[in-house]
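One structure is given below, encoded as structure tokens.
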Amino acid sequence: MSGNGPQTESRAQGLTAENFDLVRLTAHDLPGVMRLEKASYPQPWTVDNFLGEFNRRVTLPMGLKRGGELAAHCFFWVIAPEIHLLNLAVEPQYRRLGLAGRLMTAMMTVGQRAGVTSYYLEARPSNTPAIALYESRGFKVTGRRPAYYEDGEDACLMTLELPKRN
Ligand SMILES: CC(C)(COP(=O)(O)OP(=O)(O)OC[C@H]1O[C@@H](n2cnc3c(N)ncnc32)[C@H](O)[C@@H]1OP(=O)(O)O)[C@@H](O)C(=O)NCCC(=O)NCCS
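Mapping of the sequence shown onto our numbering: position 146 corresponds to residue 238, and the numbering continues sequentially without gaps.
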């Protein structure tokens, strides 16, 4: 049987990405970030990894919250004319509601304002949901980074190039 999972329940409640508040995350959000991270990755980032990003001048940490609870996070570097997406995760019960898409739209709005024309990220070739998400946003697989992950899996390099504005 299918259709009884937590994602289905969220959809049955009529939830959409617009029901979540877009926020800039700070180190105060670390407990929620770690909970979400552990629910999302076989090899989650550590507290120190996140603290490093909260302290890095070029990192923009964004999240979506509902009732004060973190439901999705993303961390990216803005180094115009480039943005590097480092981490994107959505709470399992809120997947397929468009939360990742909304965070990507927010990232690209930041990019547009900063004159960014090049977006890139790494994804596991086995991560078909993530690759489908990025392809739906116009990203293309443009390279491979051998043994990029700690378990030895290669990464797909995915990029999105926009026309330069004069
Ligand atoms: C990948 C991930 C971030 C997607 O988050 P999400 O909020 O469920 O994604 P969205 O609802 O915004 O999906 C947007 C589009 O991406 C694609 N997509 C997302 N999940 C998909 C899945 N499981 N299978 C196929 N396509 C998928 C679809 O095209 C989808 O549009 P649709 O729902 O209208 O068909 C989420 O599955 C996740 O947190 N995974 C674990 C962490 C991870 O792998 N992060 C990415 C690391 S590179």
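For every residue, glycine included, the Cβ atom is placed at its ideal position computed from N, Cα and C.
Bear in mind that the values here come from a model prediction, so they are computed numbers and not experimental data.
Rounded to whole angstroms, what's the CA-CA distance from residue i to residue j? Just pull it up for me.
i           : j           : result
residue 138 : residue 126 : 8 Å
residue 205 : residue 253 : 16 Å
residue 195 : residue 208 : 16 Å
residue 145 : residue 121 : 13 Å
residue 255 : residue 175 : 15 Å
residue 219 : residue 257 : 33 Å
residue 149 : residue 171 : 10 Å
residue 107 : residue 173 : 35 Å
residue 93  : residue 100 : Low confidence applies to residue 93: its pLDDT is 40, below 50, so where it sits in the model is not reliable, and the reading given next is rough at best. The straight-line gap from Cα to Cα measures roughly 13 Å.
residue 197 : residue 187 : 16 Å
residue 161 : residue 103 : 18 Å
residue 163 : residue 193 : 13 Å
residue 246 : residue 133 : 16 Å
residue 109 : residue 182 : 11 Å
From the DSSP output, in three-state form, read off residue i for me.
i           : result
residue 150 : coil
residue 243 : coil
residue 138 : coil
residue 251 : strand
residue 93  : At residue 93, the pLDDT of 40 sits below 50, so the modelled position is not reliable; the number obtained from the coordinates is stated separately. Coil at residue 93, not helix or strand.
residue 124 : helix
residue 114 : strand
residue 237 : strand
residue 99  : helix
residue 106 : coil
residue 256 : coil
I'd like to check one pair, residue j with residue i: are the Cβ atoms closer than 8 Å?
i           : j           : result
residue 250 : residue 191 : no
residue 177 : residue 211 : yes
residue 131 : residue 184 : yes
residue 168 : residue 199 : yes
residue 135 : residue 241 : yes
residue 166 : residue 217 : no
residue 152 : residue 233 : no
- Query: Do the stretch 139-148 and the stretch 224-239 make contact, defined as three or more Cβ pairs closer than 8 Å?
  - Reply: no
- Task: Could you tell me whether the stretch 99-115 touches the stretch 146-160, where touching means 3 or more Cβ pairs closer than 8 Å?
- Result: yes
- Quick one: which unbroken beta strand (DSSP E) runs of 3-plus residues sit fully inside the stretch 146-233? Chain order, please. 151-158, 161-171, 174-182, 210-215
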